[in-house]
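Residues in the sequence shown are numbered consecutively from 1114, following my numbering. All C-beta atoms in this analysis are idealised placements derived from N, C-alpha and C, irrespective of residue type, glycine included. Read through the structure below, which is laid out as structure tokens, and then see the notes.
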Amino acid sequence: MWGSRSIRRSTGIDSQIHGEYHWRTVGANGLWLAEPLDGADTLVIFLFALLHDSMRENDGRDPQHGPRAAVFAGELHAEGLLPVTPPQLELLQHACHEHTNGFISTDPTVGACWDADRLDLPRVWITPDPALLSTARAHEALPEHRRVPDWETLYAAATGTTSSGASSAAETGFEIK
Ligand SMILES: [Fe+2]
């Protein structure tokens, strides 16, 4: 599927810090953050989780990895591999391009993307700066005992479908206790 093809082309997937487990955590965070938001685009949030760190070349200083991720998203879209409209692609590319530049956003989708990433900073023993959180829910404690879902579960939750493709209520679809 398109997701697995994008993942295979990543330069950063194997990182213990910025790799695939972190991406799924960002996806879970982002969908949780989006629940109370009006107008948050959960498919864009899902794709941000998948792609934002996918072009990292190292786990240290790599200030161009966000812009590279934005370019990668554009390439995937041009190849017909990203199921998004041009406005969604623009939002996704903006969120990826700027995600390490210390901004906040009033756009619910972009805000959820950036907060979802920042809420995973404690994995590297950094407490997120409350002044750099865009969404109200990001100031709440993350759900405890949460299991990080697999990609299929995240995608189903992001698109309001079951993993078999049938339509379901647009609930998170994964366990957040
Ligand atoms: Fe990240």
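For L1204 versus D1220, is the C-beta distance shorter than 9 Å?
yes
Cutting at 8 Å between CB atoms, please list the residues of its own chain near A1191, excluding the five before and the five after it.
none
Under 8 Å: do the stretch 1136 to 1151 and the stretch 1250 to 1270 share three or more Cβ pairs, one atom per stretch?
yes
Is W1136 near ligand 1, going by C-beta to nearest heavy atom under 8 Å?
yes
Should V1223 go down as buried or exposed, given a rule of 16 or more other Cβ atoms within 10 Å for buried?
buried
Report the rounded CA-to-CA distance for D1296 versus M1168, giving the unit in angstroms.
Past the boundaries of the shown model lies residue 1296; the chain is included only from 1114 to 1290, so the question cannot be answered.
Given a threshold of 16 other Cβ atoms within 10 Å of its Cβ, counted over all protein chains shown, does F1216 qualify as buried or as exposed?
exposed
Whose C-beta lies closer than 8 Å to the C-beta of V1237 among residues of the same chain, with five residues either side of it excluded?
I1130
Quick one: measure Cβ to Cβ for C1209 and F1159, integer angstroms, because I've assumed they're closer than 8 Å.
Not quite, the Cβ-Cβ distance comes to about 13 Å (not below 8 Å), so this is no contact.
Please write down, chain order preserved, every residue whose beta carbon lies under 5 Å from a heavy atom of ligand 1.
D1166 and D1230
Enumerate, from N- to C-terminal direction, the unbroken alpha helix (DSSP H) stretches of 4 or more residues contained entirely within the stretch 1231 to 1276.
1264 to 1272
Hey, could you find the ends of the alpha helix (DSSP H) T1155 is sitting in?
T1155 to L1164
Short Cβ contact (9 Å threshold) for A1251 with P1241
yes
Measuring alpha carbon to alpha carbon, tell me which of L1234, D1233, A1225 and R1259 ends up nearest P1149.
A1225
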